[in-house]
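The structure under discussion appears below in the form of structure tokens.
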Amino acid sequence: MSHEPPPTYEQMRAGVRDELAVISASGRSRQRPVIDSPDDRVIVFVDAGKRRKLTNWASNDYLGCANRRPVVNAAVRAARAYGAGAGAARLLAGGLRCHRRLEERLA
Numbered sequence: 002m003s004h005e006p007p008p009t010y011e012q013m014r015a016g017v018r019d020e021l022a023v024i025s026a027s028g029r030s031r032q033r034p035v036i037d038s039p040d041d042r043v044i045v046f047v048d049a050g051k052r053r054k055l056t057n058w059a060s061n062d063y064l065g066c067a068n069r070r071p072v073v074n075a076a077v078r079a080a081r082a083y084g085a086g087a088g089a090a091r092l093l094a095g096g097l098r099c100h101r102r103l104e105e106r107l108a
């Protein structure tokens, strides 16, 4: 029974590059769209330099709160008080008191 040596890094890389070329040539490569507007029911979508207004069916803002002035102001106050960013997983580094209070109120 003969065993072939495993492919080298360069061989694997070339194989992946070839597969990606096939996917791209078939028009199936994923593209990350550019949105040039706030998240809302209608967004400005930029594709190949052209701007189009489109209905946004992919938003998580299903309650329509993301751009409401009181919500934005509260987010600004929270960022000033606690900073911007997740920091770390809550199970490892703990969570903010304001999050705990909110969870208790919602429970």
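All you need for the numbering used here is the position in the sequence shown, starting with 1, plus 1. Note that CB positions come from ideal geometry on N, CA and C, so glycine has one too. This one's a predicted model, so the numbers in the text were calculated from it and none came from an experiment.
{"Check": "Contact between the stretch 30-37 and the stretch 45-57 (3+ Cβ pairs under 8 Å)", "Outcome": "yes"}
{"Check": "Residue(s) in a DSSP beta bridge with D37", "Outcome": "The partner list for D37 (beta bridge, DSSP) is empty, contrary to what the question assumes."}
{"Check": "Collapsed DSSP secondary structure at L21 in the structure displayed", "Outcome": "helix"}
{"Check": "Sequence-distant residues of its chain with Cβ nearer than 6 Å to D62 (five each side left out)", "Outcome": "D40"}
{"Check": "Assumed close pair L97, Y83 - CB separation to whole angstroms, cut-off 8 Å", "Outcome": "6 Å"}
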